[in-house]
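Numbered per our numbering, the sequence shown spans residues 2 to 645. Note that the Cβ used here is the ideal one computed from N, Cα and C, for glycine as well. Nothing here was measured: the structure is a model prediction, and the numbers come from that model.
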Amino acid sequence: MNRLDTPAESFAQGWSPAQSADLYGINAWGDGHYGVGANGDLLVRANGTPDSASVSVMDIVRGMAARGLDMPVVLRIENLLDNSIKGLNEAFAAAIAEEGYNNHYRGVFPIKVNQQCHVIEEIAAFGRRYHHGFEVGSKAELVVALSQLQDHDSLIICNGFKDAEFVELGLYARQIGVDCFFVLETPNELPIVLERSQALGVEPLLGVRIKSAVTVDGHWKEDHSDRSIFGLGTTALLGVVDQLRQAGMLHCLQLMHCHLGSQIPNIRNIRSGVLEACRFYGGLIEEGAPMGYLDLGGGLAVDYEGARTNSTHSMNYRLQEYCVSVVATIRESLDQMEVPHPVIVTESGRATVADSSMLLFNVLDVRDHRPGELPAQLPAECHELLEPLFAVTGLVTLENCQECYNDALYYRDEIRELFRHGQASLRDRALAENIALAVLDQIQGLLKQAERVPPELENLAELLSDIYYGNFSLFQSLPDIWAIDQVFPVMPIHRLDERPEREAIVADITCDRDGKIDSFASVDGPRKTLPLHPLKSGEEYYLGVFLVGAYQETLGDLHNLFGDTNVVSVRINEDGSFHFVREFHGDSIADVLTYVEYNPAIIQEQLRRIAEDAVNAGKISVATRQQMLTAFRASLNGYTYFEQ
Ligand SMILES: *Cc1c(COP(=O)(O)O)cnc(C)c1O
Numbered sequence: 002m003n004r005l006d007t008p009a010e011s012f013a014q015g016w017s018p019a020q021s022a023d024l025y026g027i028n029a030w031g032d033g034h035y036g037v038g039a040n041g042d043l044l045v046r047a048n049g050t051p052d053s054a055s056v057s058v059m060d061i062v063r064g065m066a067a068r069g070l071d072m073p074v075v076l077r078i079e080n081l082l083d084n085s086i087k088g089l090n091e092a093f094a095a096a097i098a099e100e101g102y103n104n105h106y107r108g109v110f111p112i113k114v115n116q117q118c119h120v121i122e123e124i125a126a127f128g129r130r131y132h133h134g135f136e137v138g139s140k141a142e143l144v145v146a147l148s149q150l151q152d153h154d155s156l157i158i159c160n161g162f163k164d165a166e167f168v169e170l171g172l173y174a175r176q177i178g179v180d181c182f183f184v185l186e187t188p189n190e191l192p193i194v195l196e197r198s199q200a201l202g203v204e205p206l207l208g209v210r211i212k213s214a215v216t217v218d219g220h221w222k223e224d225h226s227d228r229s230i231f232g233l234g235t236t237a238l239l240g241v242v243d244q245l246r247q248a249g250m251l252h253c254l255q256l257m258h259c260h261l262g263s264q265i266p267n268i269r270n271i272r273s274g275v276l277e278a279c280r281f282y283g284g285l286i287e288e289g290a291p292m293g294y295l296d297l298g299g300g301l302a303v304d305y306e307g308a309r310t311n312s313t314h315s316m317n318y319r320l321q322e323y324c325v326s327v328v329a330t331i332r333e334s335l336d337q338m339e340v341p342h343p344v345i346v347t348e349s350g351r352a353t354v355a356d357s358s359m360l361l362f363n364v365l366d367v368r369d370h371r372p373g374e375l376p377a378q379l380p381a382e383c384h385e386l387l388e389p390l391f392a393v394t395g396l397v398t399l400e401n402c403q404e405c406y407n408d409a410l411y412y413r414d415e416i417r418e419l420f421r422h423g424q425a426s427l428r429d430r431a432l433a434e435n436i437a438l439a440v441l442d443q444i445q446g447l448l449k450q451a452e453r454v455p456p457e458l459e460n461l462a463e464l465l466s467d468i469y470y471g472n473f474s475l476f477q478s479l480p481d482i483w484a485i486d487q488v489f490p491v492m493p494i495h496r497l498d499e500r501p502e503r504e505a506i507v508a509d510i511t512c513d514r515d516g517k518i519d520s521f522a523s524v525d526g527p528r529k530t531l532p533l534h535p536l537k538s539g540e541e542y543y544l545g546v547f548l549v550g551a552y553q554e555t556l557g558d559l560h561n562l563f564g565d566t567n568v569v570s571v572r573i574n575e576d577g578s579f580h581f582v583r584e585f586h587g588d589s590i591a592d593v594l595t596y597v598e599y600n601p602a603i604i605q606e607q608l609r610r611i612a613e614d615a616v617n618a619g620k621i622s623v624a625t626r627q628q629m630l631t632a633f634r635a636s637l638n639g640y641t642y643f644e645q
């Protein structure tokens, strides 16, 4: 199972596994967790070093197939989740030691980022050694956190709107010794908290969420205007402090929370945000609150492109730099105010779970846009306008390609116009389309060697690219691509020792024109097509979409009634073997029908009646009726995706 990472002699077609690694940027976005085996398989490594145990993703796929887990599958590698938690905690510990900071770090995982039971269980189990806790935004998430956390040195941070029941749950947690903080988001929450805590005779741990005035780059910036839906404005903040003082409860205010947004690509924004948070923190101490915890929320980015820039899908800093910036900024600004160093809390979600999951699927079909073969000469009876169009095919050079492009499209459009008016035949039109396509294809071939591509021809590669139909639903498994144009790394998980000769976009199997991936992560910024291999007959071709562990699973929807996919958790052992820790079978058709309020038993009965009526009407035999009903039953119990 353990294969050498270094490309061996296998240089099929003048192409090496190392070239694939470069082409797909896996060293840039993979954080050392991926490699390419000499046989062209994608390898995943137990930790981010080249000498760590690694397994072929194809071996895992074969193991899944043998266990009846069909594509598409979300594959989680537990080792990668552990590595993220370890990396975050150890980077903060190192920064704290380096900066001579007088307190410690406590991470909390925001459950909304991935609520799946085995993810949360693994975070609780592995995170225990670092006292890693949870951030929750609802009663349901609080119930999850309370049931999973077994370590009383970990924190639970409660954000979101809190009703009396929510508050009671948190107060019971306090009674059994859990450090459960209520972060006040609006002044109206305070009376509920005070009333419930008096009724139960339990003092709450309180935090306040401030509204930062710092704006950040990227897509997910919070609204920082005074109308931002989260947090307390300065007037409201002081109102809460005054209410607490009057109630004799100011000593409960121990935490300040501030969340600048998610996927913050620019480290300078983070520094500004922390600096401002420190001023608020100092201000609250001046007001007489004891404080002790500074919670900086989420925002630590994931470099989806591997580009190391401050563009939306990237980041211009590394984890270590993030931690040092945070710790140093807090130390410097609080030292100036002579305020003791608080416990530093962060709520990193995306950066904790993104890289532990990948979506794998097989390709069902390819529609290529290669021109069909051209005739040696035009048929005698064709339309005369085809002649100048046909002549273009013999004229294309790098120098005149713009002119040939213009001509080809001009004549093609003329023929289309004539066709509309009944003056050209269907065969004329088909021939014109094909000749024009051949010209574009010639031009594209030449442009590959060109130093400069004329702006109008930049889209040609995209125009001529193939469409690979993947066995997945974008809306179910990659909703952020649809919703916010998120970019993820996409690549084949095998055949990486072969040159990928085709350029393609990837479509899903929903019937929605938005169900496609046509922007791909690359170190040079997003690209519009992805180099892929031609399909081989009788052989599956598998693609993976990477870094999908954050936000994708629960935001997904049932478009076209494609349900949850199969999910597999794998652990890589030190000797390079692996085992299936968990496997979950995705929704059956009966499952998704119940989500939209159908009753599968009634549906079966309705189908039985329809079949029986057909027997009575003499349309089918009883034997056919039986076959039909067996097929219906099998469908209801089957996977919602394309089955072999
Ligand atoms: C969503 C959210 C997070 C997680 O942010 P990431 O950027 O994914 O780390 C943390 N805190 C709060 C309050 C959030 O709403």
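Collapsed DSSP secondary structure at residue i in the structure displayed
i: Thr216; result: coil
i: Gly471; result: strand
i: Cys383; result: coil
i: Thr631; result: helix
i: Ser11; result: At Ser11, the pLDDT of 41 sits below 50, so the modelled position is not reliable; the number obtained from the coordinates is stated separately. Correct three-state label for Ser11: coil.
i: Asp71; result: coil
i: Pro111; result: strand
Cβ-heavy atom distance, residue i to ligand 1, below 7 Å
i: Gln264; result: yes
i: Ala278; result: no
i: Leu156; result: no
i: Ala551; result: yes
i: Ser358; result: no
i: Pro111; result: yes
i: Asn561; result: no
i: Ala92; result: no
i: Arg351; result: yes
i: Gly299; result: yes
i: Val114; result: yes
i: Asn160; result: yes
i: Glu400; result: no
i: Glu348; result: yes
i: His260; result: yes
Beta-carbon proximity list for residue i, same chain, < 7 Å, skipping 5 on both sides
i: Pro389; result: Tyr412
i: Ile286; result: Met292 and Val340
i: Thr595; result: Pro601
i: Leu678; result: Because the chain here runs from 2 to 645, residue 678 falls outside it and cannot be looked at.
i: Leu379; result: Leu387, Glu388 and Phe391
i: Pro73; result: Leu360, Leu361, Phe362, Asn472, Phe473, Ser478, Thr566 and Tyr642
Limits of the unbroken beta strand (DSSP E) element including residue i
i: Tyr542; result: Neither: Tyr542 is in no beta strand (DSSP E) and is coded neither H nor E.
i: His580; result: Phe579 to Phe585
i: Tyr294; result: Tyr294 to Asp296
i: Glu504; result: Arg503 to Ala508
i: Glu136; result: Gly134 to Val137
i: Ile158; result: Leu156 to Cys159
i: Thr347; result: Val344 to Thr347
Neighbourhood of residue i by C-beta distance below 6 Å, restricted to the same chain and skipping five residues each side
i: Tyr435; result: In the sequence as displayed, the identity of residue 435 is Asn instead of Tyr. If we look at Asn435 and ignore the five residues flanking it on each side, its Cβ neighbours are Pro372 and Gly373.
i: Thr330; result: Arg272, Val275 and Leu276
i: Phe521; result: Val491, Arg528 and Leu531
C-beta contact flag for residue i and residue j at 8 Å
i: Leu147; j: Val569; result: no
i: Val648; j: Leu548; result: Absent from the structure is residue 648, since the part of the chain shown begins at 2 and ends at 645.
i: Leu365; j: Asn472; result: yes
i: Ser478; j: Gly557; result: yes
i: Ser349; j: Leu301; result: yes
i: Tyr106; j: Ala94; result: yes
i: Ile468; j: Val616; result: no
i: Gly49; j: Pro18; result: no
i: Pro205; j: Cys259; result: no
i: Cys402; j: Leu320; result: no
i: Pro480; j: Gln424; result: no
i: Arg261; j: Val546; result: The question names Arg, but residue 261 in the sequence shown is Leu. Their beta carbons are not under 8 Å apart, which means Leu261 does not touch Val546 by this criterion.
i: Leu410; j: Ala437; result: yes
i: Asn1; j: Asn317; result: Within the shown structure, residues of the chain are numbered from 2 to 645, placing residue 1 beyond reach of any answer.
First and last residue of the uninterrupted alpha helix (DSSP H) at residue i
i: Pro18; result: Pro18 to Leu24
i: Ser85; result: Glu79 to Glu100
Own chain partners of residue i with C-beta closer than 8 Å, once the 5 adjacent residues on each side are dropped
i: Phe420; result: Ser426, Leu427, Asp429 and Arg430
i: Leu81; result: His34, Val45, Asp356 and Ser357
i: Pro535; result: Val367, Glu502 and Arg503
Proximity test, residue i beta-carbon vs ligand 3 heavy atom, cut-off 7 Å
i: Glu136; result: In terms of ligand content, the structure shown lacks ligand 3 and carries ligand 1 instead.
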